[in-house]
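2 protein chains.
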Amino acid sequence: MTDDLTYKSSGVDIDANTTWVSRIQSALTSTHNEHVISKPGGFAGLFRLTDLVGQGVANPVLVSCADGVGTKVILGIETNRTHDLGIDLVAMNVNDLITGGATPLFFLDYIAAHKLSPDALAPIIEGIADGCRQSGCAILGGETAEMPDLYKTGDFDLAGFCVGIVDETRIIDGSHTAAGQSIIALPSTGVHSNGFSLVRKLISTANLDLDQHHDTLGETLAAAVLKPTRIYVRQVMSLLNAFRPNTDITAMAHITGGGLDENVARVLNTNCDALITKNSWPIPPIFDLLQSHGIAESEMYRVFNMGVGYVIITPSDIANDVVRHLHDLNENASIVGQLIPGSGKVIIQ
Amino acid sequence: MTDDLTYKSSGVDIDANTTWVSRIQSALTSTHNEHVISKPGGFAGLFRLTDLVGQGVANPVLVSCADGVGTKVILGIETNRTHDLGIDLVAMNVNDLITGGATPLFFLDYIAAHKLSPDALAPIIEGIADGCRQSGCAILGGETAEMPDLYKTGDFDLAGFCVGIVDETRIIDGSHTAAGQSIIALPSTGVHSNGFSLVRKLISTANLDLDQHHDTLGETLAAAVLKPTRIYVRQVMSLLNAFRPNTDITAMAHITGGGLDENVARVLNTNCDALITKNSWPIPPIFDLLQSHGIAESEMYRVFNMGVGYVIITPSDIANDVVRHLHDLNENASIVGQLIPGSGKVIIQ
Numbered sequence: 001m002t003d004d005l006t007y008k009s010s011g012v013d014i015d016a017n018t019t020w021v022s023r024i025q026s027a028l029t030s031t032h033n034e035h036v037i038s039k040p041g042g043f044a045g046l047f048r049l050t051d052l053v054g055q056g057v058a059n060p061v062l063v064s065c066a067d068g069v070g071t072k073v074i075l076g077i078e079t080n081r082t083h084d085l086g087i088d089l090v091a092m093n094v095n096d097l098i099t100g101g102a103t104p105l106f107f108l109d110y111i112a113a114h115k116l117s118p119d120a121l122a123p124i125i126e127g128i129a130d131g132c133r134q135s136g137c138a139i140l141g142g143e144t145a146e147m148p149d150l151y152k153t154g155d156f157d158l159a160g161f162c163v164g165i166v167d168e169t170r171i172i173d174g175s176h177t178a179a180g181q182s183i184i185a186l187p188s189t190g191v192h193s194n195g196f197s198l199v200r201k202l203i204s205t206a207n208l209d210l211d212q213h214h215d216t217l218g219e220t221l222a223a224a225v226l227k228p229t230r231i232y233v234r235q236v237m238s239l240l241n242a243f244r245p246n247t248d249i250t251a252m253a254h255i256t257g258g259g260l261d262e263n264v265a266r267v268l269n270t271n272c273d274a275l276i277t278k279n280s281w282p283i284p285p286i287f288d289l290l291q292s293h294g295i296a297e298s299e300m301y302r303v304f305n306m307g308v309g310y311v312i313i314t315p316s317d318i319a320n321d322v323v324r325h326l327h328d329l330n331e332n333a334s335i336v337g338q339l340i341p342g343s344g345k346v347i348i349q
Numbered sequence: 001m002t003d004d005l006t007y008k009s010s011g012v013d014i015d016a017n018t019t020w021v022s023r024i025q026s027a028l029t030s031t032h033n034e035h036v037i038s039k040p041g042g043f044a045g046l047f048r049l050t051d052l053v054g055q056g057v058a059n060p061v062l063v064s065c066a067d068g069v070g071t072k073v074i075l076g077i078e079t080n081r082t083h084d085l086g087i088d089l090v091a092m093n094v095n096d097l098i099t100g101g102a103t104p105l106f107f108l109d110y111i112a113a114h115k116l117s118p119d120a121l122a123p124i125i126e127g128i129a130d131g132c133r134q135s136g137c138a139i140l141g142g143e144t145a146e147m148p149d150l151y152k153t154g155d156f157d158l159a160g161f162c163v164g165i166v167d168e169t170r171i172i173d174g175s176h177t178a179a180g181q182s183i184i185a186l187p188s189t190g191v192h193s194n195g196f197s198l199v200r201k202l203i204s205t206a207n208l209d210l211d212q213h214h215d216t217l218g219e220t221l222a223a224a225v226l227k228p229t230r231i232y233v234r235q236v237m238s239l240l241n242a243f244r245p246n247t248d249i250t251a252m253a254h255i256t257g258g259g260l261d262e263n264v265a266r267v268l269n270t271n272c273d274a275l276i277t278k279n280s281w282p283i284p285p286i287f288d289l290l291q292s293h294g295i296a297e298s299e300m301y302r303v304f305n306m307g308v309g310y311v312i313i314t315p316s317d318i319a320n321d322v323v324r325h326l327h328d329l330n331e332n333a334s335i336v337g338q339l340i341p342g343s344g345k346v347i348i349q
């Protein structure tokens with residue numbers, strides 16, 4: 001018997017992994033700040049909290065979430081928009097993280113692929129780094145796994161993980177929501193990273209061509225549908241500096257799968273309903289296109305964000321101040337509804 | 001045109017997701033402690049750091065890592081050992097985390113599957129909860145994604161993320177390693193979660209039957225090869241309470257892919273080599289079996305842990321005290337080598 005079975009012959013190349021790490025190094029370090037402690041060879045990433053805990057965060061609470069980009073990854077692979085999937089991955093996590101008033105600190109990723117091809121995968125990391133820079137978030141680590149028998153040729157999956165910090169006295173949990181308050185919407189860029197199983201089903205059922213330019217979209221279907229998820233960190237951090245959590249900002253919601261209905265309901269007190277007025281914000285044309293191919297309007301609102309990526313709830317007397325503050329940040333915010341006495345439901349009419 | 005396309009018809013069932021969350025609730029809460037702040041409906045998990053920062057961790061540094069279980073997941077699926085894969089997932093993360101002296105705080109998981117089947121996936125979460133209880137780690141969140149077109153029927157992938165804390169003055173980074181120090185090995189249970197592409201290649205090439213009982217193993221091949229990765233948190237936390245970081249414990253390494261060679265080298269100063277004496281620790285019989293089917297011994301040591309799951313380096317004059325402390329914890333530790341003047345290499349002979 002010859003001793004000829006090696007790890008490399010089984011499809012895994014440890015040396016290729018070393019090449020990969022050096023390839024992505026500059027993207028990773030582009031996100032680093034004075035908190036990141038660099039220890040070459042270490043088994044885990046290090047983030048110095050001392051200054052943060054000293055300054056202003058007297059009662060530190062860590063906030064953390066995990067998310068992927070769902071089946072958007074499949075369309076992203078098919079259309080080679082992998083950089084943007086990296087932005088989506090960060091967005092899905094940081095937008096969740098900030099709803100409670102937390103400041104994002106760091107991010108880690110998991111990429112599993114058929115093959116560890118640096119040329120194919122580096123753009124994902126560069127997209128993640130781009131999203132992290134937009135969020136003031138350091139990439140503290142990650143894992144890239146080569147699994148030829150789990151993923152088909154060219155396929156990969158992504159998971160992201162984010163940690164932030166908030167002072168316990170400043171956690172926004174929706175418990176201050178009350179009838180009479182205003183609902184402010186921040187626009188989405190389109191579908192973001194939810195509902196893609198339905199999008200893909202529709203593309204296949206209606207036999208749509210992703211590369212086709214649509215005048216109503218002003219771009220190709222692929223460009224419209226795969227536009228990266230907006231990141232709301234800069235705007236929300238600015239609001240949290242200018243307004244008081246809970247007193248002025250009573251709740252925030254990231255509108256993901258389940259749409260306005262499910263995501264706004266998550267932050268409402270059970271003695272009020274959210275009454276959202278249809279047509280009080282512009283619906284991106286991609287949603288008209290999708291709906292025109294056979295999705296009921298109620299299902300559209302149940303699955304997609306319909307043009308609202310993030311919601312902020314404030315007492316009515318400061319709603320205009322909040323909107324003006326957002327406009328000054330070039331954020332096209334608008335008041336789209338109000339809380340009324342109720343039982344924790346979301347009514348879109 | 002009928003409006004008949006729904007999210008459910010496209011393969012995703014939002015209601016099923018709600019059932020899933022309630023199914024796994026007790027596993028999740030079994031890991032919770034007084035630090036976890038429970039906020040129903042929240043977009044992210046909350047972990048109160050205040051007490052920890054107040055007591056003893058004056059210069060808090062967060063430590064974080066991400067990892068999966070590699071292609072072990074494929075054999076775990078084939079042999080229906082999904083609970084143990086959950087333990088592996090935690091082990092791969094927490095064992096990395098503690099090498100720098102950190103205490104694990106919380107864990108998040110990402111599970112992506114062909115189908116969100118609570119019966120098939122709940123055991124994974126229960127395994128994760130088991131691993132987290134062994135590690136004193138709270139499950140703070142996670143994401144379960146149903147992706148029928150990315151994963152084949154019955155397939156899934158796992159990623160885990162862990163966060164810990166260490167006082168900056170107590171970070172162990174190997175910078176105190178020096179010639180003359182002793183290398184202490186903690187036993188592995190076998191292959192742990194690395195080298196499975198090679199294991200699977202070998203099983204297929206040699207046409208091995210996973211269900212076959214082997215007298216040398218005392219169990220079936222599946223039981224031996226898929227045994228969950230040991231979690232070293234309890235032992236290492238106890239050591240870090242009893243001995244001084246850097247002065248007494250100069251380095252620690254989790255032996256994963258790359259074996260003793262690559263993982264011990266990561267924590268060595270460049271002016272010393274690690275001289276490890278073969279046969280100074282028991283090699284679990286699974287490695288003999290694997291090697292006997294055509295893997296060179298050098299490749300075995302390059303890919304597998306060969307029976308050593310975790311390494312601790314200490315000054316020689318306290319090595320016996322450290323070993324005795326570990327024996328008192330029922331940990332079968334042994335001195336397997338020493339550091340000698342050199343250039344950062346690992347020599348196994």
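From first to last, the protein sequence lines are chains A and B. Per our numbering, residue 1 is the first one in the first sequence, and the count goes up by one each step. Per our numbering, residue 1 is the first one in the second sequence, and the count goes up by one each step. All C-beta atoms, glycine included, are put in the ideal place defined by N, C-alpha and C. Quick caveat, the model's predicted, so the values are computed rather than measured.
Item                                                                                                                   : Value
CB contact below 7 Å: Ala145(A) versus chain B                                                                         : yes
Residues near Glu143(A) by beta carbon distance below 7 Å, same chain, minus five either side                          : Tyr110
Identity of the residue in Leu186(A), Tyr232(A), Asn305(A) nearest Glu262(A) by Cα                                     : Asn305(A)
Cβ-based contacts, 7 Å cut-off: residues of the segment 28 to 62 of chain B near chain A                               : Ile37, Lys39, Gly41, Gly42, Phe43, Ala44, Gly45, Leu46, Phe47, Arg48, Leu49, Thr50, Val53, Asn59, Pro60, Val61, Leu62
Beta-carbon proximity check, Tyr232(A) vs Leu186(A), cutoff 7 Å                                                        : yes
Enclosing alpha helix (DSSP H) for Ser175(B) [first to last residue]                                                   : Neither: Ser175(B) is in no alpha helix (DSSP H) and is coded neither H nor E.
Close beta carbons around Tyr352(A), own chain, < 8 Å, minus the five adjacent residues each side                      : The requested residue 352(A) does not occur in the structure, where chain A is confined to residues 1 to 349.
Boundaries (first-last residue) of the alpha helix (DSSP H) holding Gly86(A)                                           : 82 to 98
Short Cβ contact (7 Å threshold) for Glu168(B) with Asn330(B)                                                          : no
Cβ-based contacts, 8 Å cut-off: residues of the segment 104 to 138 of chain B near chain A                             : Leu105, Phe106, Leu108, Asp109, Tyr110, Ala112
Minimum Cβ-Cβ distance from Phe287(B) to chain A less than 7 Å                                                         : no
Chain-ordered neighbours of His254(B) on chain A, where CB pairs are closer than 8 Å                                   : Phe43
Ile295(A) in three-state terms, based on DSSP                                                                          : coil
Arg200(A), buried or exposed, once every other Cβ within 10 Å from all chains shown has been counted against 16        : buried
Cβ contact (3+ pairs, closer than 8 Å) linking the segment 218 to 227 of chain B and the segment 163 to 178 of chain B : no
Beta-carbon neighbours of Phe161(B), restricted to chain A and to distances below 7 Å                                  : Ala66, Leu108, Phe161
Beta carbon of Ala120(A) nearer than 7 Å to that of Met147(A)                                                          : no
Proximity test, Cβ basis, 7 Å: Asp173(B) and chain A                                                                   : yes
Cβ-based burial, Lys278(B) [other Cβ within 10 Å; buried from 16]                                                      : exposed
DSSP three-state assignment for Arg244(A), whether helix, strand or coil                                               : coil
Spatial distance of Gly70(B) from Ser197(B) (CA atoms)                                                                 : 8 Å
Contact residues within the segment 265 to 276 of chain A, judged by C-beta distance below 7 Å to chain B              : Arg266, Val267
Minimum Cβ-Cβ distance from Leu290(B) to chain A less than 7 Å                                                         : no
Cβ of Thr71(A) within 7 Å of any chain B Cβ                                                                            : yes
Complete alpha helix (DSSP H) runs within the segment 311 to 347 of chain A (minimum length 4 residues, chain order)   : 316 to 328
Boundaries (first-last residue) of the alpha helix (DSSP H) holding Ala58(B)                                           : Taken as a continuous stretch (DSSP letters only), Ala58(B) belongs to no alpha helix (DSSP H), as it is neither H nor E.
Span of the beta strand (DSSP E), counted from its first residue to its last, around Val163(B)                         : 156 to 167
Three-way DSSP call (helix, strand, coil) for Pro118(B) in this model                                                  : helix
Beta carbon of Thr79(A) nearer than 7 Å to that of Ile124(A)                                                           : no
N- and C-terminal bounds of the alpha helix (DSSP H) containing Arg200(B)                                              : 196 to 205
Proximity below 7 Å, CB of Pro47(B) to CB of Leu62(A)                                                                  : The residue asked about is misnamed: residue 47(B) is Phe in this sequence, not Pro. Contact: yes.
Outcome for Pro104(B) when other beta-carbon atoms lying within 10 angstroms are tallied against a minimum of 16       : buried
In DSSP terms, what Pro285(A) is bridged to                                                                            : DSSP lists no partner for Pro285(A).
Where Asp84(B) meets chain A, residues with beta-carbon distance less than 7 Å                                         : Under the 7 Å cutoff, chain A gives no residues; its nearest Cβ is about 18 Å from Asp84(B).
Chain-ordered chain A contacts of Gly142(B) [CB-CB under 8 Å]                                                          : Ala66
Test: Leu75(A) CB closer than 7 Å to a CB of chain B                                                                   : no
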